[in-house]
Structure formats: C-alpha cells, structure tokens
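Novice: Following this message is one structure expressed as structure tokens.
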Amino acid sequence: MSVMKRVSMIFKAKANKALDRVEDPRETLDYSYQRQLEMLTQVRRGVADVATSRKRVELQMNTLQQQQKKLDGQARQALGGGREDLAREALSRKSALDGQLSDLQNQYQSLQADEEKLTVASQRLQAKVEAFRTQKETIRATYTAAEAQTRIGEAVSGISEEMGDVGMAVQRAQDKTAQMQARAGAIDELMASGALEDVSGTPRDDIQAELDQMRGGQSVELELERLKGELGQAAPKEIGTGEPATQGQPADQHQAGEGS
Amino acid sequence: MIVRILGEGQLDVSDAATDELNVLDSRIEAAVNAGDEAAFRQALTALLDKVRSIGSPLAADALEPSDLILPYADADLEDVREMLTGEGLIPG
Chain F
484 MSVMKRVSMI FKAKANKALD RVEDPRETLD YSYQRQLEML TQVRRGVADV ATSRKRVELQ
544 MNTLQQQQKK LDGQARQALG GGREDLAREA LSRKSALDGQ LSDLQNQYQS LQADEEKLTV
604 ASQRLQAKVE AFRTQKETIR ATYTAAEAQT RIGEAVSGIS EEMGDVGMAV QRAQDKTAQM
664 QARAGAIDEL MASGALEDVS GTPRDDIQAE LDQMRGGQSV ELELERLKGE LGQAAPKEIG
724 TGEPATQGQP ADQHQAGEGS
Chain H
31 MIVRILGEGQ LDVSDAATDE LNVLDSRIEA AVNAGDEAAF RQALTALLDK VRSIGSPLAA
91 DALEPSDLIL PYADADLEDV REMLTGEGLI PG
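Residue numbers (our numbering), protein chains in the order written: chain F, 484 to 743; chain H, 31 to 122.
Okay, structure coming up:
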C-alpha cells in the first residue's frame with residue numbers, strides 16, 4: 484500500500500515523536516495523559532468556536548432575509564400604486580442579495596457539519612482518555628518498569644494517533660472558521676457602511692422615499708376626496724335626516740296629545 | 031487489520047480485503063504522481079467508501095494503534111502531498 488502506507492508511517496512517527504524524550508516509560512504515561520487532557524480542552528474549545536461562527540452566520544442570514552422581505556413588500560406596494568419601474572428596482576435589489584444569502588447558507592451547512600464532526604471527535608477522545616486513565620493505573624499497579632514498557636507503548640501509541648487525528652481536525656476546523664470569520668466580517672462591514680442597508684434601510688432608502696412620496700400623494704388625494712365628500716354631503720345630509728325626524732315625531736306626539 | 035480514516039475514527043477491516051484495497055491505493059498513487067485532482071478524488075472516495083462498507087467501527091474507548099491511516103474524506107491532492115512530507119500533520 485504505497486501512498487497510504489507512507490501516509491500512515493509518517494503520521495504515526497509524528498504522533499509518537501512528542502513522547503520520545505521521556506526516559507522512564509511510566510513517566511510517559513503521565514506525560515501522555517497530561518497531553519490528552521490538554522487536547523480534550525482544545526477540541527472542546529474548537530467546538531465552541533465553530534458554534535460561535537455558525538451563530539454569527541445565522542444572524543447575518545436573518546438580516547439578509549429580513550431585507551429581502553422588506554424589498555418584496557416595497558415591490559408589492561410600488562406595483563399596487565402603479566409604479567412598475569420602482570417595483571422592478573426593488574425586485575432586482577432583492578435578487579442581488581440571493582448570491583450572498585446562498586453563500587451564507589453554504590457556510591452555515593459547512594460549519595454545522597464541522598461542529599457535528601468535532602463533537603463526535605471530542606466524545607471519542609473523551610472515551611479513550613478515560614480508558615487510558617484506567618489502564619494507566621493498572622499498568623502502574625501491576626507491572627515493573629521493564630514489564631510495563633510494551634503495554635505502555637501500545638496504549639500510548641494508540642491514543643497518540645487519536646490525538647494526532649483530533650488535533651488535525653481541530654486545526655482544519657479553525658482554519659476554515661477563520662476564513663469564514665473574515666468573510667462574515669466583510670459582510671458586517673458592508674452592512675455597517677450602509678452598502679447593504681441603503682437597499683432597504685432607513686434614510687438612504689430611495690425606494691422607500693419614492694414609495695412614501697407616492698403614498699403621500701395618494702393619501703393627500705384621498706383626504707381631499709374625503710373632505711370634499713364631507714362638505715358636499717354635509718348640507719343635504721343634515722336636512723335629509725333632520726326633516727323627517729323633526730316633522731314626523733313631534734307631529735305624531737302632537738296628534739297623540741290632542742287625541743287624548 | 032485496523033484502519034483509521036482521519037476525522038472519522040477506526041474500523042476493523044478483514045485482512046482478506048487487502049488486495050482489493052491495494053488496487054484502489056495504486057489508483058491513488060497514480061493520481062498523486064500525475065497530479066490529477068479529479069482522478070485522485072474519485073480514487074480516494076472509492077477507497078474510503080470501500081473501507082466504510084466492509085469495516086466495522088472500533089469501540090470509542092479502544093486504545094489500539096491502526097495498521098493503516100487514510101486521509102480525511104475531503105482531503106485534496108495538496109493535503110495528501112503535505113501528509114507525505116509530514117508538514118500537514120500535527121504531532122499528538
């Protein structure tokens with residue numbers, strides 16, 4: 484197994500190298516155990532870092548989705564007011580956000596997968612560290628230094644390999660997370676600078692300004708119509724409703740009064 | 031024999047599968063030598079799939095060293111080259 488055998492040999496050599504300097508094999512046990520605990524801390528920190536990154540991407544996705552929703556609402560409003568040009572502009576800005584959103588979605592899925600892998604790796608390492616601790620005590624209690632050597636060698640190289648593997652996984656996840664953090668930072672900066680916000684944000688939002696103007700114009704017209712209506716109907720309405728009431732009822736009452 | 035797929039854990043694979051795995055391994059070697067990324071990906075995926083399908087996972091608390099260590103599933107040609115020089119590896 485040429486390539487894979489070479490990879491295996493080099494990997495093992497690297498994994499065990501850190502322990503070479505320890506003279507007494509029983510000291511190797513303690514030294515390795517110490518490193519195992521450190522590695523456990525490291526992989527747990529790695530899981531937490533990836534989770535933080537994932538949450539940040541999730542927040543950004545929410546923000547972009549809200550902006551898209553807002554643009555969609557603006558497009559409807561514009562179309563309702565007969566402004567197809569404005570609706571088209573809002574929709575084209577909405578679709579411009581699609582690329583960023585799908586990029587974030589990919590990042591999210593990738594981070595989620597890394598988080599799961601690292602969680603499983605940390606559980607596996609945890610189980611091995613516990614097994615190692617038990618074995619360490621047994622070896623120490625049962626064997627002389629000379630006898631223990633072989634057993635120590637096996638246990639230590641088994642777990643060193645695991646630590647090398649986990650260490651690589653943590654490193655790769657961290658590298659990836661760092662790259663994504665940089666991209667997430669760029670999007671945050673865009674949002675902060677208003678480049679994304681002026682698409683649907685507050686004062687810079689030209690679509691909203693036009694819509695407001697359009698709606699303002701419409702509502703002035705409506706108000707005017709309402710006032711016209713009120714004024715136009717005011718006179719006949721009061722006469723219309725007043726006449727039968729004032730003429731009919733008192734007349735009846737009068738008649739009734741006269742009759743009794 | 032015990033095979034570790036980096037990032038995934040260890041599996042117990044029958045020695046009878048050695049020849050079959052050797053064939054897949056030589057495809058990887060050819061791809062690495064030729065610098066053919068697509069062929070490399072295909073060969074690595076085939077090898078890992080084979081190991082996953084015929085191997086049975088070792089218990090999480092097993093402390094046995096592996097006979098064979100395979101690159102992680104999304105390793106590219108460059109990653110494997112680094113593994114062969116030892117640069118991409120972190121000592122335990």
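Note that the Cβ used here is the ideal one computed from N, Cα and C, for glycine as well. These numbers come from a predicted model, not from an experiment.
Smallest Cα separation from proline 136 (chain H): which of F:Ile642, F:Ala669, F:Glu713?
Specialist: Any question about residue 136 (chain H) goes unanswered here, given that chain H covers just 31 to 122.
Novice: Three-state secondary structure (DSSP) at glycine 715 (chain F)?
Specialist: Helix, per DSSP.
Novice: Mind checking whether alanine 498 (chain F) and methionine 646 (chain F) have CB atoms under 8 Å apart?
Specialist: The answer is yes: Cβ separation under 8 Å.
Novice: I need the straight-line Cα distance from glutamate 567 (chain F) to valine 603 (chain F), nearest angstrom please.
Specialist: Whole-angstrom Cα-Cα distance: 53 Å.
Novice: Based on Cα-Cα distance, which residue from H:Asp42, H:Thr48, H:Ser44 lies nearest to methionine 487 (chain F)?
Specialist: Of the candidates H:Asp42, H:Thr48, H:Ser44, the one whose C-alpha sits nearest the C-alpha of methionine 487 (chain F) is H:Thr48.
Novice: Can you give me the C-alpha to C-alpha distance between serine 578 (chain F) and valine 533 (chain F), rounded to a whole angstrom?
Specialist: Those two C-alpha atoms are separated by around 29 Å.
Novice: If you measure between the beta carbons of leucine 523 (chain F) and valine 612 (chain F), is that distance less than 8 Å?
Specialist: It is a contact, given that the beta carbons lie within the stated cut-off.
Novice: Using a C-beta cutoff of 8 Å, does aspartate 454 (chain F) count as contacting chain H?
Specialist: Residue 454 (chain F) lies beyond the residue range present for chain F, which begins at 484 and ends at 743; the question has no answer from this structure.
Novice: Helix, strand or coil: which one does DSSP assign to serine 683 (chain F)?
Specialist: No answer about serine 683 (chain F) holds up, because its pLDDT of 46 lies below 50 and its placement is not dependable.
Novice: Which chain A residues sit within Cβ distance under 8 Å of methionine 113 (chain H)?
Specialist: Here chain A cannot be found, since the structure's protein chains are F and H.
Novice: Excluding the five sequence neighbours on either side, which residues of its own chain have a C-beta within less than 6 Å of the C-beta of tyrosine 102 (chain H), listed in chain order?
Specialist: So the list reads Leu36, Gly37, once near-sequence residues are dropped.
Novice: Spell out whether any CB of chain H is found under 8 Å from the CB atom of methionine 487 (chain F).
Specialist: Yes, methionine 487 (chain F) counts as interfacial toward chain H.
Novice: Assign glycine 39 (chain H) to one of three DSSP states: helix, strand, or coil.
Specialist: Of the three classes helix, strand and coil, the one that applies to glycine 39 (chain H) here is strand, per DSSP.
Novice: Measure the Cβ-Cβ separation of aspartate 17 (chain H) and valine 33 (chain H) and say whether it is below 8 Å.
Specialist: This structure gives no information on residue 17 (chain H), because the portion of chain H shown stretches from 31 to 122.
Novice: Is the distance from the Cβ of serine 56 (chain H) to the Cβ of serine 491 (chain F) below 8 Å?
Specialist: Cβ distance not < 8 Å, so serine 56 (chain H) and serine 491 (chain F) don't count as in contact.
Novice: Am I right that valine 526 (chain F) and leucine 601 (chain F) are in contact with their C-beta atoms under 8 Å? What's the rounded C-beta distance?
Specialist: So it is a contact: roughly 6 Å between Cβ atoms.
Novice: Would you give the residue range spanned by the beta strand (DSSP E) that leucine 98 (chain H) belongs to?
Specialist: Segment 98-100, the beta strand (DSSP E) holding leucine 98 (chain H).
Novice: Would you say isoleucine 642 (chain F) lies against chain H (beta-carbon separation less than 8 Å)?
Specialist: Output row for isoleucine 642 (chain F): interface = yes.
Novice: Is it buried or exposed, lysine 495 (chain F), if we count other Cβ atoms within 10 angstroms and call 16 or more buried?
Specialist: By the neighbour-count rule (16 or more Cβ atoms within 10 Å), lysine 495 (chain F) is buried.
Novice: Quick one, are the C-beta atoms of leucine 554 (chain F) and leucine 584 (chain F) less than 8 Å apart?
Specialist: Cβ atoms of leucine 554 (chain F) and leucine 584 (chain F): not closer than 8 Å.
Novice: What in chain H is Cβ-close to alanine 610 (chain F), meaning under 7 Å?
Specialist: By Cβ distance, chain H contributes Ala90, Asp91.
Novice: With 16 as the cutoff for other CB atoms within 10 Å, does arginine 576 (chain F) come out buried or exposed?
Specialist: With 16 or more Cβ atoms within 10 Å of its Cβ, arginine 576 (chain F) is classed as buried.
Novice: Can glutamine 632 (chain F) be considered in contact with the ligand MN, in the sense that its beta carbon sits closer than 7 Å to one or more heavy atoms?
Specialist: Because no ligand of any kind appears in the structure shown, any question about the ligand MN cannot be addressed here.
Novice: Among residues of its own chain, excluding the 5 on either side of isoleucine 722 (chain F), which ones have a beta-carbon nearer than 8 Å to its beta-carbon?
Specialist: Low per-residue confidence applies at isoleucine 722 (chain F): pLDDT is 48, beneath 50, and the placement is therefore not dependable, though the value from the model is reported in the following sentence. Same-chain partners within the cutoff: there are none.
Novice: Using the Cβ count rule (16 or more neighbours within 10 Å means buried), how would you classify aspartate 648 (chain F)?
Specialist: It is buried - the Cβ of aspartate 648 (chain F) has at least 16 other Cβ atoms within 10 Å.
Novice: Using a Cβ-Cβ cutoff of less than 7 Å, which residues in the same chain neighbour threonine 685 (chain F) once the five nearest sequence positions on both sides are dropped?
Specialist: Per-residue confidence for threonine 685 (chain F) stands at a pLDDT of 49, beneath the threshold of 50, marking its modelled position as unreliable; no derived number is given.
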